[in-house]
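Peer 1:
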Amino acid sequence: SSGINAEYGGYEENVDLVVKNARFDEDYNEMVTVRDIEFYSLCEHHLIPFYGKIHIGYIPTGQVLGLSKLARIAEMFTRRLQNQERITKQIANAMIDAIKPSGVGVVVEATHMCMCMRGVQKSGAVTMTSTMMGTFLDDPRTRNEFLQFCRNR
Numbered sequence: 827s828s829g830i831n832a833e834y835g836g837y838e839e840n841v842d843l844v845v846k847n848a849r850f851d852e853d854y855n856e857m858v859t860v861r862d863i864e865f866y867s868l869c870e871h872h873l874i875p876f877y878g879k880i881h882i883g884y885i886p887t888g889q890v891l892g893l894s895k896l897a898r899i900a901e902m903f904t905r906r907l908q909n910q911e912r913i914t915k916q917i918a919n920a921m922i923d924a925i926k927p928s929g930v931g932v933v934v935e936a937t938h939m940c941m942c943m944r945g946v947q948k949s950g951a952v953t954m955t956s957t958m959m960g961t962f963l964d965d966p967r968t969r970n971e972f973l974q975f976c977r978n979r
């Protein structure tokens with residue numbers, strides 16, 4: 827049972843449970859980014875793992891979120907049978923629901939074992955998805971700043 831919860835516990839969680847009391851009033855209106863959040867998930871199509879890193883950025887409008895909560899939001903959605911495109915969008919929507927920022931950007935980069943083990947068998951392929959909302963979608967400078975943060979290693 828504990829193994830099942832570790833792998834699929836995301837079905838039992840929601841944004842309010844995950845962020846709890848980690849919303850803080852703060853007069854800060856510049857970008858906040860947490861990058862390289864490791865994740866492991868299971869492809870709903872092939873029941874084969876995929877894994878990688880998630881980068882989340884947002885611009886607060888009076889409230890910030892405890893930094894670990896960004897990783898917990900990501901984990902909530904990756905601990906389900908999933909596809910990468912949906913994870914990317916769900917994380918962005920959850921950030922909007924949690925603190926109503928002026929914008930959110932999410933980038934997910936993943937290796938899909940179905941690409942490595944089956945069919946085409948291309949072990950070096952990395953799949954990238956992104957979702958931009960609010961100022962990250964509307965303002966190219968904001969989007970570019972976030973994407974630069976994601977690239978800098």
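Taking the working numbering, the leading residue of the sequence shown gets 827, the next gets one more, and so forth.
The beta-carbon is built from N, C-alpha and C at its ideal position, and this holds for glycine as well.
Given the structure is predicted, the values throughout are model-derived calculations rather than measurements.
(1) So that I know if they touch, is there some Cβ in chain D lying closer than 9 Å to that of M958?
(2) Please work out which residues of its chain come closer than 6 Å, Cβ to Cβ, to A936, disregarding the five sequence neighbours upstream and downstream, and give them in chain order.
(3) State the Cα-Cα distance for the pair T961 and I913, rounded to the nearest angstrom.
(4) Considering only residues of the same chain and omitting the five flanking positions on each side of T859, which have a CB-CB separation below 6 Å?
(5) With A924 and V845 assumed to form a contact (beta carbons below 8 Å), what rounded beta-carbon distance in angstroms separates them?
(6) Just to confirm the assignment, what range does the beta strand (DSSP E) spanning D851 have?
(7) For the region 855-933, list the beta strand (DSSP E) runs that are entirely contained and at least 3 residues long, ordered along the chain.
(8) Could you check what DSSP says for E839 in three-state terms: helix, strand or coil?
(9) With respect to the alpha helix (DSSP H) encompassing D965, which residues constitute its N-terminal and C-terminal limits?
(10) Look at the alpha carbon of V932 and the alpha carbon of M958, and state the distance between them as a whole number of angstroms.
(11) Anyone know if the C-beta pair for M939 and I885 falls short of 9 Å?
(12) Quick check: the Cα distance between L868 and F903, rounded to an integer number of angstroms?
(13) Alpha carbon to alpha carbon, how far is T887 from S928? Give it in angstroms, no decimals.
Peer 2: So, to answer that:
(1) Note that chain D does not occur in the displayed structure, where there is just one protein chain.
(2) For this step, residue 936 is matched to residue 110 along the sequence shown. For A936, where only same-chain residues beyond five positions count, the Cβ hits under 6 Å are F876, G878, Q910, T953.
(3) For the purposes of this step, residue 961 is taken as the residue at position 135 of the sequence shown. For the purposes of this step, residue 913 is taken as the residue at position 87 of the sequence shown. Whole-angstrom Cα-Cα distance: 20 Å.
(4) Taking the sequence shown and counting its residues from 1, the one referred to as residue 859 is at position 33. Closer than 6 Å at the Cβ level, and outside the excluded window around T859, lie G883, F975.
(5) In the sequence shown, residue 924 corresponds to position 98, counting from 1. In the sequence shown, residue 845 corresponds to position 19, counting from 1. Sure, about 5 Å apart at Cβ, within 8 Å.
(6) On the sequence shown, residue 851 is found 25 positions in, with the first residue counted as 1. Residues 849-851.
(7) Restricted to the region 855-933, the beta strand (DSSP E) segments that are unbroken, complete and at least 3 residues in length are 858-869, 875-885, 889-891, listed in chain order.
(8) For this step, residue 839 is matched to residue 13 along the sequence shown. Here E839 sits in coil by DSSP.
(9) Here residue 965 is taken as the residue at index 139 of the sequence shown, counted from 1. Counting along the chain, D965 sits inside no alpha helix (DSSP H), nor does DSSP assign it H or E at all.
(10) Residue numbering aside, residue 932 sits at position 106 when the sequence shown is read from its first letter. Residue numbering aside, residue 958 sits at position 132 when the sequence shown is read from its first letter. Each residue's Cα considered, the two are about 7 Å apart.
(11) For the purposes of this step, residue 939 is identified with residue 113 of the sequence shown, where counting begins at 1. For the purposes of this step, residue 885 is identified with residue 59 of the sequence shown, where counting begins at 1. No. Outside cutoff.
(12) As a first step, residue 868 must be located in the sequence shown, where it is residue number 42. As a first step, residue 903 must be located in the sequence shown, where it is residue number 77. Here the C-alpha atom of L868 lies approximately 11 Å from the C-alpha atom of F903.
(13) Here residue 928 refers to the residue found at position 102 when the sequence shown is read from its first residue. Here residue 887 refers to the residue found at position 61 when the sequence shown is read from its first residue. Computed Cα separation, rounded: 6 Å.
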